[in-house]
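Asker: I have a structure here, written as structure tokens, and I will follow up with some questions on it.
Chains as they are written, first to last, in this note's numbering: chain W, 11 to 573; chain V, 47 to 249.
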């Protein structure tokens, strides 16, 4: 069977690419290495807290044996266990003393099912950053190239947020924002009053605060404010490939999905310089198969995409496919993460909230925008929230026993707030994914070897992320009770990107301004691998915008006979 | 007055949920024998008495009526690592041994008022903070090392509490829980009837 296009990966970017290609009339095959998941039968979001026999926990010895890395993700639980690969079955390697936690999905829809949903546009400041300060290479596109595609993606997926008129965080096509609670409004007033130029806004999130007709057509309804989004949402109220992009692709009649299909490599014809087919190994039977098409979208996630390109080495491409620049696998980035400050907050004692809003507050970047930075380039934003503490602090107090615990637990606790910085990291060619020289997985594919460390710019930035976090909470009357002293293990930002970067020069980049491989015209890469710099914004929205834009151009090229 | 002790871990778990990434690693867990082990009958009886004393019935069911010991026993067999099983059973054994030493009676045999008085003192001593040695691992903001007199007891108490406040009884008496809240209401007035809303995800 032959297809017009093959999309490798069904997650955030692959799902969106498939939708766009199908809607333009192409016959599309989506290959997913993980298992099939059906929201109707497999989602666990209906289960009540007491319906999990083991308190929604995975047995400890199973965690230690099979999920030592995946369990580091907040969303890992019995309710979501079906989504994660076993680290024991799908290994990767890191050098001693340089850990990188690679958090993955192993199912149709990928991490778009468990994602954090925060959705922010990159700005002109971000897309011109490399050109301005000389790190990495220049992006081949600017904000004006992406803006209409951000509009397009936001309209389809549904993003709740407020327009703020900020240069560093462009406005968008938003659904009504999830309003801040009273303590957060108090914090907002204090921060904005004390630090002119800083803003505290509602976190922009891909949850349908108010579903629109284009969402309802796909069976999606408004958010029910449950905040168990990572289990998968039967209401379809958050964007995911499973409940939005793939159903939209499916209704065109042009979509074929094959799961349990592990891509081994891409087959390159040196005579034409084109890819002709994808070599696949069936995850269950180990049987090898080949699928042919005219164009190929690689959306296997940043590290998986690099692995496939490197494993597609041939006589004509000894260093891997599309890798004349030697940039495939390099420039791996993941946002600085876990840089949280926690404070008790003097919020209004007579105020509470109802429902569990699927987002918190956001503080857009101000360093190197409206305020100078203390010895580093780029910047950071914060996510956070202020809520009323629960029963635990009273109940775990030494000597607290008996009916007294229950009486205290039934009272509202003090307001507690936290803000955590997400910092931009610079592209560094030594932060790199390669193929392990000797180790192979159970399908015979060399495992990825990930070598990663943050540099001086990031180390310097971390100090100011923590200092600013403390200063803002204190300016609002907060009493800081805890603060991180280092960033979380790299990878845990789960924003890995950069391993097949876009650029203007084929000698220093892998993809051109259309996400098309410089060296292989019928290959497009539109997942995080394409990112030339990281910004400090949560990147999924940008991956989807790049996917939609590249699909548009790929189909134009195909129709005009260029491919 | 604000309580001096901060539920750092619980707050950070929720913080991390919001952040859309990390938090609680299972990396301190050692693979054990793999053989499921059940709590012996005498420890089950002790656990019933402990749960009933820690979270007694008031005008609503307490931990015993909510079935917390039963769930905990199942978790002991099917969830806990060998290390955790040892921590939990050790804490129960130390509780009973202290009761026998100090009162001459097994914990479960004490009259209700005596049990409560004994447990208050035992709990206070067991959870007394122990300063960490300067070179000892402190953990992280997200996963601080628990350093109290009886770390196993800390685990036991926390688990009983967590299970009660995840039970239908606990969630509909001291707390409130709606699985499908529907609307987000950012500001409501607190009244004497307001109960803290339990959350198992973000906020």
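Ideal Cβ placement from N, Cα and C applies to all residues, glycine included. The structure displayed is predicted, hence computed values, not measured ones.
Spatial neighbours of residue 498 of chain W within its chain, please: CB distance less than 7 Å, with the 5 preceding and 5 following residues excluded, ordered by chain position.
Answerer: Excluding residues within five positions, the ones whose Cβ falls inside 7 Å are 347 and 348.
Asker: Measuring only between beta-carbons, confirm whether residue 554 of chain W sits less than 8 Å from chain V.
Answerer: Residue 554 of chain W does not count as touching chain V.
Asker: Residues of chain W with CB under 8 Å from residue 229 of chain V, in chain order?
Answerer: Near residue 229 of chain V (Cβ distances below 8 Å), the residues of chain W are 235, 364 and 365.
Asker: In the DSSP assignment, what are the bridge partners of residue 13 of chain W?
Answerer: BP columns for residue 13 of chain W point to W:303.
Asker: To the nearest angstrom, report how far apart residue 286 of chain W and residue 571 of chain W are at their CA atoms.
Answerer: Each residue's Cα considered, the two are about 16 Å apart.
Asker: Decide if residue 397 of chain W is buried, meaning its Cβ has at least 16 other Cβ atoms within 10 Å, or exposed.
Answerer: Buried, since its Cβ has 16 or more Cβ neighbours within 10 Å.
Asker: Would you check if there are 3 or more beta carbon pairs closer than 8 Å linking the region 472-485 of chain W to the region 87-99 of chain W?
Answerer: The region 472-485 of chain W is not in contact with the region 87-99 of chain W.
Asker: Out of V:227, V:164, V:207 and V:229, which has the shortest C-alpha to C-alpha gap to residue 419 of chain W?
Answerer: The option with the nearest alpha carbon to residue 419 of chain W is V:207.
Asker: Helix, strand or coil for residue 434 of chain W per DSSP?
Answerer: If DSSP states are grouped into helix, strand and coil, residue 434 of chain W belongs with coil.
Asker: Where do the N-terminal and C-terminal ends of the beta strand (DSSP E) with residue 448 of chain W fall, by residue?
Answerer: Counting along the chain, the beta strand (DSSP E) containing residue 448 of chain W begins and ends at 442-450.
Asker: Can you give the Cα-Cα distance for residue 111 of chain W and residue 154 of chain V, rounded to whole angstroms?
Answerer: Computed Cα separation, rounded: 46 Å.
Asker: Within 8 Å of any Cβ in chain W, is that where the Cβ of residue 130 of chain V sits?
Answerer: With 8 Å as the cut-off, residue 130 of chain V counts as an interface residue toward chain W.
Asker: Could you give the DSSP three-state label for residue 120 of chain W: helix, strand or coil?
Answerer: Of the three classes helix, strand and coil, the one that applies to residue 120 of chain W here is helix, per DSSP.
Asker: Residue 28 of chain W to residue 17 of chain W, Cα distance in whole Å?
Answerer: Approximately 6 Å, taken between the alpha carbons.
Asker: Can you check the region 322-400 of chain W for any alpha helix (DSSP H) of at least 4 residues that lies completely inside it and give the ranges in chain order?
Answerer: As far as the region 322-400 of chain W is concerned, it has no whole alpha helix (DSSP H) run of at least 4 residues.
Asker: Is residue 267 of chain W closer than 8 Å to residue 42 of chain W when the C-beta atoms are compared?
Answerer: For residue 42 of chain W and residue 267 of chain W, yes; Cβs fall inside 8 Å.
Asker: State yes or no: is the beta carbon of residue 58 of chain W nearer than 8 Å to at least one beta carbon in chain V?
Answerer: Residue 58 of chain W counts as touching chain V.
Asker: I'd like to know whether the C-beta of residue 77 of chain V is nearer than 8 Å to at least one C-beta of chain W.
Answerer: In this prediction, residue 77 of chain V scores a pLDDT of 42, lower than 50, which makes its location untrustworthy; the coordinate-derived value is nonetheless stated afterwards. By this cut-off, residue 77 of chain V is an interface position.
Asker: Could you pull the start and end residues of the alpha helix (DSSP H) that residue 114 of chain V belongs to?
Answerer: Unbroken alpha helix (DSSP H) run through residue 114 of chain V: 114-124.
Asker: May I have the straight-line CA-CA distance separating residue 424 of chain W from residue 356 of chain W, to the nearest angstrom?
Answerer: The alpha-carbon atoms of residue 424 of chain W and residue 356 of chain W are separated by roughly 8 Å.
Asker: So, helix, strand or coil for residue 490 of chain W, using DSSP?
Answerer: In this structure, residue 490 of chain W counts as strand in the three-state DSSP scheme.
Asker: Starting from the C-beta of residue 215 of chain V, find all residues in its chain whose C-beta is less than 6 Å away, skip the five residues before and the five after it, and write them out in chain order.
Answerer: Here the set comprises 107 and 112.
Asker: If we cut at 8 Å on Cβ distances, does residue 153 of chain V have a partner in chain W?
Answerer: By this cut-off, residue 153 of chain V is not an interface position.
Asker: If you measure between the beta carbons of residue 334 of chain W and residue 251 of chain W, is that distance less than 8 Å?
Answerer: No. Outside cutoff.
Asker: Which runs of the alpha helix (DSSP H) fall wholly inside the region 146-225 of chain V and span at least 4 residues, in chain order?
Answerer: Here the runs fully enclosed are 158-172, 197-210 and 214-217.
Asker: To the nearest angstrom, how far is the alpha carbon of residue 204 of chain W from that of residue 211 of chain W?
Answerer: For residue 204 of chain W and residue 211 of chain W, the distance between alpha carbons rounds to 16 Å.
Asker: Who are the Cβ neighbours of residue 150 of chain W in its own chain at under 7 Å, not counting the five residues just before and after it?
Answerer: These residues qualify, in order along the chain: 512, 513, 514, 522 and 523.
Asker: Starting from residue 534 of chain W, follow its DSSP beta bridges and name the residues at the other end.
Answerer: Note: residue 534 of chain W sits in a beta bridge opposite W:307 and W:526.
Asker: Between the region 401-416 of chain W and chain V, which residues of the former have a C-beta closer than 8 Å to a C-beta of the latter?
Answerer: The residues in question are 401, 402, 403, 404, 405, 406, 407, 408, 409, 410, 411, 412, 413, 415 and 416.
Asker: Are residue 258 of chain W and residue 228 of chain W closer than 8 Å when you measure CB to CB?
Answerer: Contact: yes.
Asker: Pair every Cβ in the region 270-289 of chain W with every Cβ in the region 320-337 of chain W, then say whether three or more of these pairs are closer than 8 Å.
Answerer: Yes, since at least three Cβ pairs between the region 270-289 of chain W and the region 320-337 of chain W fall closer than 8 Å, the two stretches touch.
Asker: Taking Cβ-Cβ distances shorter than 7 Å, what residues in chain V pair up with residue 188 of chain W?
Answerer: Correct list: 230.
Asker: First and last residue of the alpha helix (DSSP H) that includes residue 68 of chain W?
Answerer: Taken as a continuous stretch (DSSP letters only), residue 68 of chain W belongs to no alpha helix (DSSP H), as it is neither H nor E.
Asker: How big is the Cα-Cα spacing for residue 371 of chain W and residue 239 of chain W?
Answerer: Approximately 17 Å, taken between the alpha carbons.
Asker: According to DSSP, is residue 55 of chain W helix, strand or coil?
Answerer: In the structure shown, residue 55 of chain W sits in coil (DSSP, three-state: anything other than H, G, I, E or B).
Asker: Per DSSP, residue 461 of chain W forms a beta bridge with which residues?
Answerer: W:442, per the DSSP bridge assignment.
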